[in-house]
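Note sheet for the following structure.
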Amino acid sequence: RPFRQRIQLLGPKDYAVRSTAQVDNGAIRNCIGLHIWKAYGLCLGNLTPTTTRVSVANNSKVQCAGTWSGRVRIGGTESLTHFLVFECNKAFDVILGKPWLHEVRAIHNYIADVIEIDSGTEGAPRVTIDNMEDEGKPTPPRPTTENDGEEPDDTQH
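This note's numbering numbers the first residue of the sequence shown as 30 and each following residue consecutively.
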């Protein structure tokens with residue numbers, strides 16, 4: 030299941046645009062869906078023209094509407110990130126791909142389904158971000174052994 034989390038995108042005037050991002054370590058670019066840009070782009074500043082075309086999941090090539098650079102706020106952290114903006118037919122809102130994962134030195138713990146990122150402060154602990162897909166679900170019980178919490182039974186039967 031995808032790792033998704035709420036984020037804020039901040040442009041030059043510090044206006045925060047709220048969105049949902051999918052963190053994807055298979056995506057070689059950070060991406061914003063054109064539908065999100067059309068709805069909120071005025072708050073984020075200008076797109077820089079580009080001739081870049083991206084290859085999407087069905088192997089078709091899509092012309093990008095432009096590039097955007099701005100700050101991403103997630104889990105109480107903030108980082109400057111660069112995005113391609115293109116028509117994705119609403120398949121996603123925002124993808125935080127390998128460039129963002131490298132920028133924040135992310136570590137994805139697949140067992141706990143959390144991502145740890147640098148806090149941005151030297152010497153401060155890393156920040157743990159939960160997958161919003163797990164919100165509201167009960168925490169699974171921890172594995173136990175047969176005698177967990179009990180004295181071992183050394184008697185033989």
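Ideal Cβ positions, reconstructed from N, Cα and C, are used throughout, including at glycine.
Measuring CA to CA, which of the options is closest to residue i?
i: residue 120; options: 79, 86 and 34; result: 86
i: residue 73; options: 43, 90, 95 and 91; result: 43
i: residue 63; options: 116, 149, 140 and 150; result: 116
i: residue 147; options: 107, 94, 76 and 67; result: 107
i: residue 57; options: 141, 84 and 93; result: 84
i: residue 132; options: 149, 33, 94 and 154; result: 149
i: residue 156; options: 99, 91, 135 and 55; result: 135
i: residue 75; options: 61, 91 and 98; result: 98
Can you grab the Cα-Cα spacing for the pair residue i / residue j, in whole Å?
i: residue 174; j: residue 41; result: Note that residue 174 scores a pLDDT of 44, beneath 50, so its modelled location is shaky; the value from the coordinates is reported in the next line. Answer to the nearest angstrom: the Cα atoms are 55 Å apart.
i: residue 161; j: residue 105; result: 15 Å
i: residue 137; j: residue 163; result: 15 Å
i: residue 112; j: residue 129; result: 9 Å
i: residue 45; j: residue 39; result: 5 Å
i: residue 71; j: residue 30; result: 32 Å
i: residue 101; j: residue 152; result: 21 Å
i: residue 65; j: residue 114; result: 9 Å
i: residue 103; j: residue 89; result: 31 Å
i: residue 69; j: residue 33; result: 20 Å
i: residue 59; j: residue 154; result: 25 Å
Given that a residue counts as buried once 16 or more other Cβ atoms are within 10 Å of its Cβ, and exposed if not, what is residue i?
i: residue 50; result: buried
i: residue 118; result: exposed
i: residue 36; result: buried
i: residue 144; result: buried
i: residue 124; result: buried
i: residue 53; result: buried
i: residue 126; result: buried
i: residue 110; result: buried
Between which two residues does the alpha helix (DSSP H) holding residue i run?
i: residue 67; result: 63–73
For residue i, verify whether its CB is less than 6 Å away from any heavy atom of the ligand HEM.
i: residue 142; result: This structure simply doesn't include the ligand HEM, nor any ligand for that matter.
Over what stretch of residues does the beta strand (DSSP E) that includes residue i continue unbroken?
i: residue 42; result: Premise fails: residue 42 is in no beta strand (DSSP E) and is neither H nor E.
i: residue 113; result: 106–115
i: residue 125; result: 123–125
i: residue 30; result: Counting along the chain, residue 30 falls outside any beta strand (DSSP E), and DSSP gives it neither H nor E.
i: residue 138; result: 136–138
i: residue 145; result: 143–146
So, are the CB atoms of residue i and residue j less than 7 Å apart?
i: residue 48; j: residue 159; result: no
i: residue 80; j: residue 96; result: no
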